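Numbering (the numbering used here), first residue to last: 6 to 140.
For each residue, glycine too, the CB sits at the ideal point set by N, CA and C.
Remember, it's a predicted structure, so these values are computed and weren't measured experimentally.
Structure record follows, encoded as structure tokens.
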Amino acid sequence: MAGTFSLRIVSPEGNVLKEDVEFAVIPGELGELGILPNHAPLIAGMDIGVLRYNLNGAVKRVAVAGGFVEVIENSAIVLADTAELSEDIDVARAQEARERAKKRLSTRTNEIDVRRAEYALRRAAARIEASVGKK
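Shown next, in the form of structure tokens:
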């Protein structure tokens, strides 16, 4: 790949990442978005998932949930509702959250907020996927 572009990921907690990367795949609301150097300007909504990027030939991962991405002037800025670098993810905690959400969904009662449980399940799955490096 020829060249790099600036990838910046920001969440309400602060700056998560700022690197010059070779390639990025972002979980968009309508599917994955591939970003290369000198990409055309773009603004898109993001979904829950794993953001992947190439840094010095190695694939790195970040679990993200919601937000927006803006690509302009050889720079991609991700404004995420939540974002966690793969190395910062507590896998045991994510697995516990996944099991809690599955249990809530399997016992659907009037007290259960199904939408919230589904969101928690998808977010836990993304965190686990980012931490173990699965595609």
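Rounded to whole angstroms, the Cβ separation of V15 and A135 is 17 Å, and the two are not in contact under 8 Å. In the DSSP assignment, G19 forms a beta bridge with S16.
For D86, the secondary structure class from DSSP, reduced to helix, strand or coil, is strand. Restricting attention to I48, T114, K23 and L41, the CA atom closest to the CA of E75 is found in I48. Contact check between the segment 83 to 99 and the segment 54 to 71: three or more CB pairs, one atom from each, fall below 8 Å, which counts as touching.
Under the three-pair Cβ rule at 8 Å, the segment 105 to 112 counts as touching the segment 122 to 133. Cβ neighbours of A81 within its own chain (closer than 8 Å, five residues either side excluded): F10, S11, L12, R13, A29, I31, I40, H44, V74 and E75. If you draw a straight line from the Cα of G8 to the Cα of D25, it is about 9 Å long. According to the DSSP assignment, E104 belongs to the alpha helix (DSSP H) that extends over V96 to S111.
In this structure, the beta-carbon distance from L38 to L90 does not fall below 8 Å.
In summary, A97 is exposed, with fewer than 16 beta-carbon neighbours lying within 10 Å of its beta-carbon over all protein chains present.
Per DSSP, E123 is one residue of the alpha helix (DSSP H) stretching across V119 to V137.
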